[in-house]
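Each remark here refers to the structure printed beneath this line.
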């Protein structure tokens, strides 16, 4: 069965000019699709371009090249104000740092209602209040919290407020930019479970950006691994964990700790050395097995295929 | 399970709330803790009330009228602070003069604040090329010789009022606050709450004035208070040099400038001492309040 694509990212590039001869290629030619109702995990080390990808998709950055197609529409094309507002409503973002993502001078009510006001979703003042209170309860807060200010909440609660704000405009697609990395481990699980529940209840599609592989595996249907602005491997999450092909993915997986002393004593970390690739040939993103893509040269491509067969 | 955790959250947040309290209430508490600043503030309010109160009753024309039969009279029952070389009542001039000086200082502070905040906010928020262009225009204003332009203005315009004098001062004094606000706006726009507002579809104007501006409020209050003290001094200085108000419009500066006459300086203290003390008290008081407010914005220096 062909799945419906919500988002298609085609050869997306984002370069930052730092000086006349100094350009940072934060995102360099990456492509992936996200299907309706799934969670797409994006992992990679700090500074590899995960967040930039997310922010470029939602137009917080202008793309240097490539296309982002959302519901058959190019996000970065020329747009009227109406089109932009419509896009803003369908696509929302949850931010990484719960302490800076909420305006300290506004009440929770006003923060959550911002989207409702802009898109004129509430019929009157009473409806607006009702909507905000329902949203707060949806994300596991009390309706009494609406009159308070952000600093009166803990990190996990603030992240819930951020989620409520994103939900307020009834979006289809949410970019979660490391929503749990600033939180305590026990609270991480709560927030992830909340996201899972919301996805089930509202049929949301997520782009989940993180660097914690165990968490990403738990929430994602498919995972993309980024390294230095490139997508190096993309597969269904089980497949990626069972048969990692790219040496960087293997290195990442070898770094996951488990609360098991026997396992930890024998765990060998695999170091990744980019120099092990053949630099004479520009690597390309190839499909080794249906649904399993790896960035590799032709020679590596054959090796990976063989590796998969022997398993 | 979830309910229980919620309970814990609320308990935690109770402890942290003191550290992140609302800016204005911190300013208030700092003022109450700092006795010197509190006394300064009360003194300031009293002086402003007296000056503006009595100046309504006083007849300005009567005070600046020359009376040749009462030249250089020392303080007496008729003239509480004596008279000057034109027989004019010093006490009346002091009240009117303080009012004029304060009005100029208030007006200049408000106008520079308004222009500076809007200019800095726009420049800092948009950043990039807009910021670059706007800052170069600002640099142009910075290199203009302020005193010289004021001298030219005073000699060209024969009669000028509090308002026109404030305008000419404003034209050269808005740059400092604009720069300060710009640097802060550059920081604020990168914070996630501004970005979140953008993804929700808010217009730039709305983000600037509804989201970013409230977060700069304490900074604006502090800067404008300190500017007020500086502007009182600046007006007095200009008037003292003869480039401020003319004698027909008394100000603290014109009163002090009588002291340039050696005889007045030595023998007729009643003409210039009260005005000097007034300048001293006003500037010190405003500065004390401003310093207390400034400390309040920096958590490490706070006393309360």
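Protein chains in written order, with my numbering: chain A, 1 to 311; chain B, 1 to 304.
Think of the CB as a built atom: it goes at the ideal place given N, C-alpha and C, for glycine as much as any other residue.
What you are looking at is a predicted structure, and each value in this text was computed from that prediction instead of being measured.
Would residue i pass as an interface residue toward chain A - the criterion being a Cβ-Cβ separation below 7 Å?
| i | result |
| --- | --- |
| residue 192/B | yes |
| residue 132/B | no |
| residue 196/B | yes |
| residue 250/B | no |
| residue 211/B | yes |
| residue 9/B | For residue 9/B, the predicted structure reports a pLDDT of 42, less than 50, and the residue's modelled location is therefore unreliable. A value from the coordinates is still provided. Yes, residue 9/B counts as interfacial toward chain A. |
| residue 13/B | Caution applies to residue 13/B, whose pLDDT of 41 falls short of 50 and renders its modelled position unreliable; the value that the coordinates give is listed next. True, the Cβ-Cβ gap to chain A drops below 7 Å. |
| residue 215/B | yes |
| residue 201/B | yes |
Should residue i go down as buried or exposed, given a rule of 16 or more other Cβ atoms within 10 Å for buried?
| i | result |
| --- | --- |
| residue 240/B | buried |
| residue 255/A | exposed |
| residue 148/B | exposed |
| residue 156/B | exposed |
| residue 18/A | exposed |
| residue 179/B | buried |
| residue 235/B | buried |
| residue 82/A | exposed |
| residue 252/A | buried |
| residue 187/B | exposed |
| residue 178/A | buried |
| residue 57/B | exposed |
| residue 53/B | exposed |
| residue 263/A | exposed |
| residue 182/A | buried |
To the nearest angstrom, how far is the alpha carbon of residue i from that of residue j?
| i | j | result |
| --- | --- | --- |
| residue 190/A | residue 207/B | 31 Å |
| residue 222/B | residue 287/B | 10 Å |
| residue 7/B | residue 168/A | Model confidence at residue 7/B stands at a pLDDT of 43, short of 50, so the residue's coordinates are unreliable and nothing is read from them. |
| residue 169/B | residue 175/B | 12 Å |
| residue 25/B | residue 294/A | 57 Å |
| residue 29/A | residue 213/A | 23 Å |
| residue 49/A | residue 172/B | 45 Å |
| residue 291/A | residue 53/A | 21 Å |
| residue 282/B | residue 190/B | 39 Å |
| residue 122/B | residue 132/B | 12 Å |
| residue 74/B | residue 258/B | 15 Å |
| residue 144/A | residue 42/B | 39 Å |
| residue 306/A | residue 277/A | 17 Å |
In three-state DSSP terms, what is residue i?
| i | result |
| --- | --- |
| residue 303/B | coil |
| residue 218/B | helix |
| residue 151/A | helix |
| residue 83/B | strand |
| residue 76/B | coil |
| residue 295/B | helix |
| residue 265/A | helix |
| residue 94/A | strand |
| residue 9/A | strand |
| residue 89/A | helix |
| residue 190/B | helix |
| residue 245/A | coil |
| residue 31/A | strand |
| residue 19/A | strand |
| residue 26/A | strand |
| residue 129/B | helix |
| residue 226/A | strand |
| residue 63/A | coil |
I'd like to know if residue i contacts chain B, where contact means its C-beta is closer than 7 Å to some C-beta of that chain.
| i | result |
| --- | --- |
| residue 126/A | no |
| residue 1/A | Low local confidence applies: a pLDDT of 44 at residue 1/A is under 50, so the model's placement there is unreliable, with the coordinate-based value given in what follows. No, no contact with chain B. |
| residue 93/A | yes |
| residue 74/A | no |
| residue 144/A | no |
| residue 100/A | yes |
| residue 134/A | no |
| residue 85/A | yes |
| residue 114/A | yes |
| residue 201/A | no |
| residue 58/A | yes |
TODO: Report yes or no: do three or more beta-carbon pairs, one from the segment 136 to 147 of chain B and one from the segment 63 to 83 of chain B, lie closer than 8 Å?
DONE: no
Open item on the list: Tell me whether the segment 139 to 152 of chain A and the segment 101 to 111 of chain A touch, counting them as touching only if at least three CB pairs, one residue from each stretch, are closer than 8 Å.
Closed with: yes
Task: Given 8 Å, three or more beta-carbon pairs between the segment 215 to 227 of chain A and the segment 43 to 61 of chain A - done: yes
- [ ] Evaluate contact between the segment 226 to 237 of chain B and the segment 107 to 117 of chain B, counting only Cβ atoms and requiring at least three cross-stretch pairs below 8 Å.
- [x] yes
Open item on the list: Does the segment 49 to 63 of chain A come into contact with the segment 232 to 244 of chain A, if we say contact requires no fewer than three beta-carbon pairs (one atom in each stretch) closer than 8 Å?
Closed with: no
Open item on the list: Would you call the segment 59 to 75 of chain B in contact with the segment 86 to 98 of chain B, where contact means no fewer than 3 C-beta pairs closer than 8 Å?
Closed with: yes
TODO: Indicate whether the contact test is met: 3 or more Cβ pairs, each with one atom in the segment 128 to 137 of chain A and one in the segment 197 to 214 of chain A, closer than 8 Å.
DONE: no
TODO: Mind the definition here: the segment 93 to 105 of chain B touches the segment 232 to 251 of chain B only if three or more C-beta pairs lie below 8 Å; say whether that holds.
DONE: yes
Open item on the list: Between the segment 185 to 202 of chain B and the segment 261 to 271 of chain B, can you find at least three pairs of beta-carbon atoms closer than 8 Å?
Closed with: no
Open item on the list: Within 8 Å, do at least three Cβ pairs link the segment 65 to 79 of chain A to the segment 155 to 166 of chain A?
Closed with: no
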